[in-house]
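Beneath this line is the structure, given in structure tokens, with notes to follow.
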Amino acid sequence: MRRRVLATALPAALLLMWIPSTLAHGAAPAAARLAGYWKFDAGSGTTAADSSGHGRPLTLQGGASWTAGVVGPHALAVSPQEAAVAGGPVVDTTASFTVSAWVDPASTGGYQTFVSQDGTQVSGFYLQLRGDTGRFAFTRLAYDSTAAYGAVATSVIVPQPGVWYQLAGVYDATAQTMSLYVDGALQQTVHALAPWSAPGPFAVGRGFYAGSPADWVSGAIDDVRAYDRALTARDIAALAGTGSITVHENEADPALNPTQFGAFLEEINHSGDGGVYAELVRNRDLKESSSPPVSWSAVQGGGASAAIALDGTQPLTSANPESLRLSVRSMPAGGRAGIANDGYWGIPVTPATTYHLSFYAKAGAGFTGPLTASVESSNGRVWATAAIPALTAGWARYTAVLATAKAIPATLGNRLVIATSDTAVAGSSAWFTFVSLFPPTYAGAPNGLRTDLMQKIAALHPGYLRVPGGNYMEGNTLATYFNWKNTVGPVEDRPGHFDSAWGYWSQDGMGLLEYLEMAQQLGAQPLLAVFAGYTLNHTVVPQDQLAPYVQDALDEIQYAIGPVTSKWGALRAADGHPAPFGLHYVEVGNEDQFDTSGSYNAYRFPMFYDAIRAAYPQLKIIATTSVTSRTPDVIDDHYYSNDPSVIAGDAHNYDGTSRSGPKHIVGEYAVTQGSPTGTLAGALGDAAFLTGLERDADVVIGASYAPLLVNVNAQSWPTNLIGYNGLASYGSPSYYAQRMLGDSLGDRIAPAQIAGGNGNLWAVASTKGGTTYLTVVNRGTSAATVSVDLAGVSAVSGGTATVLAGDPAATNSIARPAAVVPSTQRVAAAGASFRHTFPPSSLTVLSLSTR
Ligand code: AHR
Numbered sequence: 046m047r048r049r050v051l052a053t054a055l056p057a058a059l060l061l062m063w064i065p066s067t068l069a070h071g072a073a074p075a076a077a078r079l080a081g082y083w084k085f086d087a088g089s090g091t092t093a094a095d096s097s098g099h100g101r102p103l104t105l106q107g108g109a110s111w112t113a114g115v116v117g118p119h120a121l122a123v124s125p126q127e128a129a130v131a132g133g134p135v136v137d138t139t140a141s142f143t144v145s146a147w148v149d150p151a152s153t154g155g156y157q158t159f160v161s162q163d164g165t166q167v168s169g170f171y172l173q174l175r176g177d178t179g180r181f182a183f184t185r186l187a188y189d190s191t192a193a194y195g196a197v198a199t200s201v202i203v204p205q206p207g208v209w210y211q212l213a214g215v216y217d218a219t220a221q222t223m224s225l226y227v228d229g230a231l232q233q234t235v236h237a238l239a240p241w242s243a244p245g246p247f248a249v250g251r252g253f254y255a256g257s258p259a260d261w262v263s264g265a266i267d268d269v270r271a272y273d274r275a276l277t278a279r280d281i282a283a284l285a286g287t288g289s290i291t292v293h294e295n296e297a298d299p300a301l302n303p304t305q306f307g308a309f310l311e312e313i314n315h316s317g318d319g320g321v322y323a324e325l326v327r328n329r330d331l332k333e334s335s336s337p338p339v340s341w342s343a344v345q346g347g348g349a350s351a352a353i354a355l356d357g358t359q360p361l362t363s364a365n366p367e368s369l370r371l372s373v374r375s376m377p378a379g380g381r382a383g384i385a386n387d388g389y390w391g392i393p394v395t396p397a398t399t400y401h402l403s404f405y406a407k408a409g410a411g412f413t414g415p416l417t418a419s420v421e422s423s424n425g426r427v428w429a430t431a432a433i434p435a436l437t438a439g440w441a442r443y444t445a446v447l448a449t450a451k452a453i454p455a456t457l458g459n460r461l462v463i464a465t466s467d468t469a470v471a472g473s474s475a476w477f478t479f480v481s482l483f484p485p486t487y488a489g490a491p492n493g494l495r496t497d498l499m500q501k502i503a504a505l506h507p508g509y510l511r512v513p514g515g516n517y518m519e520g521n522t523l524a525t526y527f528n529w530k531n532t533v534g535p536v537e538d539r540p541g542h543f544d545s546a547w548g549y550w551s552q553d554g555m556g557l558l559e560y561l562e563m564a565q566q567l568g569a570q571p572l573l574a575v576f577a578g579y580t581l582n583h584t585v586v587p588q589d590q591l592a593p594y595v596q597d598a599l600d601e602i603q604y605a606i607g608p609v610t611s612k613w614g615a616l617r618a619a620d621g622h623p624a625p626f627g628l629h630y631v632e633v634g635n636e637d638q639f640d641t642s643g644s645y646n647a648y649r650f651p652m653f654y655d656a657i658r659a660a661y662p663q664l665k666i667i668a669t670t671s672v673t674s675r676t677p678d679v680i681d682d683h684y685y686s687n688d689p690s691v692i693a694g695d696a697h698n699y700d701g702t703s704r705s706g707p708k709h710i711v712g713e714y715a716v717t718q719g720s721p722t723g724t725l726a727g728a729l730g731d732a733a734f735l736t737g738l739e740r741d742a743d744v745v746i747g748a749s750y751a752p753l754l755v756n757v758n759a760q761s762w763p764t765n766l767i768g769y770n771g772l773a774s775y776g777s778p779s780y781y782a783q784r785m786l787g788d789s790l791g792d793r794i795a796p797a798q799i800a801g802g803n804g805n806l807w808a809v810a811s812t813k814g815g816t817t818y819l820t821v822v823n824r825g826t827s828a829a830t831v832s833v834d835l836a837g838v839s840a841v842s843g844g845t846a847t848v849l850a851g852d853p854a855a856t857n858s859i860a861r862p863a864a865v866v867p868s869t870q871r872v873a874a875a876g877a878s879f880r881h882t883f884p885p886s887s888l889t890v891l892s893l894s895t896r
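As structure tokens, this is what we get:
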């Protein structure tokens, strides 16, 4: 019937290309050069959005509609006279380009062109099914005329109706070749004809011939892409999804642990003070510096003259003898003198918020006062204020409530002021200490925790909270380790200590009780690390001096879980927590592989192990490195690397671990790429690692990212999970990755096998009561469309796909907290086997209802 003069040109030019069966890591960046990308996933309306970022939507014409997709939920459905057409050209047909599409022809009769771009008389190219051969072809005519002869790269396969195929046509202007691929396999390469420019619209569902639309398609078309370069065979194979992920639902595999994903907290990056510990006043114990006192200043307004100084001669408690002396030199009428604290890089103020102020003060002769407490902006705008009655001559505690109005902005650069305008105070002094200002705390707990940070941590659903560190727990010296007995009781009686590991003062308001309570508030079990006689400067407590440290650890455990009739259980009750905590794991030391003296294996671990085992046989004891002198229940392994590939590569570390020896926990891990919080590339490395740990749940009982928190003004460590200042907080891409993994934990692992794909896939699957969770990390820069095969179920009745994807270098920040966050879409019902595209640089969780 038709008409074209088509030279099946130049057969001598058939070029065979090798397609690797297993693709290596690091596929070419196909996504970077997309000229147009139409997923056809809208499912309604007359516009198919362009996901390439070039803003080239297609308009559905002639009644073109939607049907079930092969990649994503929907596809374009067309019959003759129906197509989806762009407003203009998409590719330069004189230069290299590639077009690809998934096609499902309803019939294989006649010419049907799936993708084309109009010239004035004919299309500049046709990705089509040919009427003369009944095969797929990538066709170009020699010039813009029906009289032109053509070059045709033809498929070997003979298409069947009602079957999805992935077609790709590649024009390589440099090599002067045209290639056709079907389902990722090269069909034919032919010499290309002299290129000519097709200036008309890009069209899906038709071609153009004799100056009119032609070659109408009957069937479905999905996931159409156009690139302004010639894709490689590897790129095409990845696009076509030559791989599969098979989930063996019917094979019993390990049960997941309640501790599978945990959290680890220590005083680093101002994680506690100036972090999750909600206290807004910095240096309330006045020990952070000798002089001048950090964060404190004198208030001298309206001509008043005053000075502040540290004074150790008026001790409130023996643990905290320092106080802040305010000396008022002169006070004219209308003047103001007092003390001010500017918090941890500003005191945050939010609308309609109630703050609880408390402080200790004593008045010198003549300092009668009334005082006014206020939270003020740096230019003196008062956000909230409260009156304090006259001070007494002896130390007394004063409290007040400061409430802000509804109609104020949220601001950070504020200070707390306690001042007087009483002219009678001229020439007199007053002393202050333990000035404290708390905003509303998480769950309203006294001496409590910052709400937004706790909400973010709670959303991770940590099964355990490893506390109190890390290097912080060990300290640099025997004078500066986390000596828990100094961190309990009333805060005024806690001496605080220098956090020598991270170089700043820790006032220990966040002490042992608060760490344990934090775990409880999070619904996590505490994982308590006890000091084991080794400090970061390689001080090793000799064997004959270690017994008191062992006793301290036993006392510490008793404080956590002993009955209220026990000595330390009674102290816990006196501190406000009579009920024992749900402690199951105790870790002896931290990273003791750095103790090269051998003392850990020789006597330190054995002494702690024997004492804890004897006193608390129900507890599981964790060693921080391999030991042979005793058999620990669990070994804590730590992983850090600035190379995501290294951490991802560690995903298989436990595949061969003995199942009869100690279990393992990964108490710290992170790709240290990105600052102060990590990049998406790092998150994908972390997530890939976690798929392996989850898969090996029978030997790996848990994992926790480190460090958890960073105040962006006080970074001690390069890459962290959650960033914040006084007012705002955000999660890193790794934070969202961990949330996604934690939210998709079934009861049991279902073995998942990856075959092919783009060579950059990691996967784990688990099941729970009719739901299959399939987590897939695609660390490649090309999309991977693979067949997902659920062995052991008959069908998928629906579900969701949650995807974290984007620029691998992207990260979140205070200014852009949601630059990289997951999004969730519905997944349509499907059979037990379906195709799914995992986007470049992505983490996907498929949550599938199965039957
Ligand atoms: O997470 C930061 C530090 O890294 C921890 O304190 C220490 O255990 C590890 O070396």
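Note that this note's numbering has the sequence shown beginning at 46, numbered continuously upward.
Glycine included, C-beta positions come from ideal geometry on N, C-alpha and C.
Item	Value
Gly508 classed as buried or exposed, judged by whether at least 16 other C-beta atoms fall within 10 angstroms	buried
Alpha-carbon to alpha-carbon, Arg880 and Val116	6 angstroms
Contact test: Glu713 Cβ vs the ligand AHR heavy atom, cutoff 7 angstroms	yes
CB-CB length for Thr291 against Gln798, believed under 8 angstroms	5 angstroms
Length of the line joining the Cα atoms of Arg101 and Val809	36 angstroms
is_contact[Ala193, chain D] using C-beta, thresh 8 angstroms	Absent from the structure: chain D. Only one protein chain is present.
Residue burial classification, Arg374 (beta-carbon count within 10 angstroms, cutoff 16)	exposed
Nearest residue (CA-CA) to Ile710, options Ala308, Thr717, Ser419	Ala308
Distance between Tyr272 and Pro125 (C-alpha atoms, nearest Å)	27 angstroms
Whole-angstrom distance between Lys813 and Asp792, CA atom to CA atom	5 angstroms
Terminal residues of the beta strand (DSSP E) in which Phe183 lies	181–186
Candidates Asn424, Asp356, Asn365: closest to Gln552 by CA position	Asn365
Assigned exposure category for Arg896 - 16 Cβ within 10 Å defines buried	exposed
Nearest candidate by alpha-carbon position, reference Phe142, set Leu79, Pro204, Ala343	Leu79
Glu632 (DSSP reduced to helix, strand or coil)	strand
Beta carbon of Asp681 nearer than 8 angstroms to that of Gly712	yes
Segment contact flag, the stretch 437–445 with the stretch 405–416, C-beta cutoff 8 angstroms, min 3 pairs	yes
C-alpha gap between Glu311 and Trp762, whole angstroms	12 angstroms
Closer than 7 angstroms: Gly317 CB and nearest the ligand AHR heavy atom	no
Beta-carbon gap between Ser777 and Gly768 smaller than 8 angstroms	yes
DSSP-derived helix/strand/coil call for Ser894	strand
Distance CB(Asn459)-CB(Gly391) smaller than 8 angstroms	yes
Ala146 vs Leu174 beta-carbon contact at 8 angstroms	no
Candidates Tyr560, Thr830, Ser481, of which the one nearest Pro513 by Cα	Tyr560
4 or more residues per run - each alpha helix (DSSP H) lying fully within the stretch 306–340	none
Range covered by the beta strand (DSSP E) that runs through Gln211	210–217
Classification of Gln500 by the beta-carbon crowding that lies within 10 angstroms, buried from 16 upward	exposed
Contacting residues, own chain, Cβ-Cβ under 6 angstroms from Asp387 (five flanking each side not counted)	Ser340, Arg460
Check: Gly425 C-beta below 7 angstroms from any heavy atom of the ligand AHR	no
Uninterrupted beta strand (DSSP E) stretches inside the stretch 705–766 (no shorter than 3 residues)	708–716, 745–750, 754–756
Exposed unless 16 or more other CB atoms sit within 10 angstroms - verdict on Ser368	buried
Nearest-angstrom Cβ-Cβ length linking Leu835 and Thr856, presumed shorter than 8 angstroms	The pair is not a contact, with the Cβ atoms about 35 angstroms apart (cut-off 8 angstroms).
Near the ligand NAP: His683 beta-carbon under 7 angstroms from a heavy atom	Judged by which ligands are present, the ligand NAP is missing from the structure shown, whose ligands are the ligand AHR.
Closer than 7 angstroms: Glu636 CB and nearest the ligand AHR heavy atom	yes
CB contact flag (Gly132, Val831, <8 angstroms)	no
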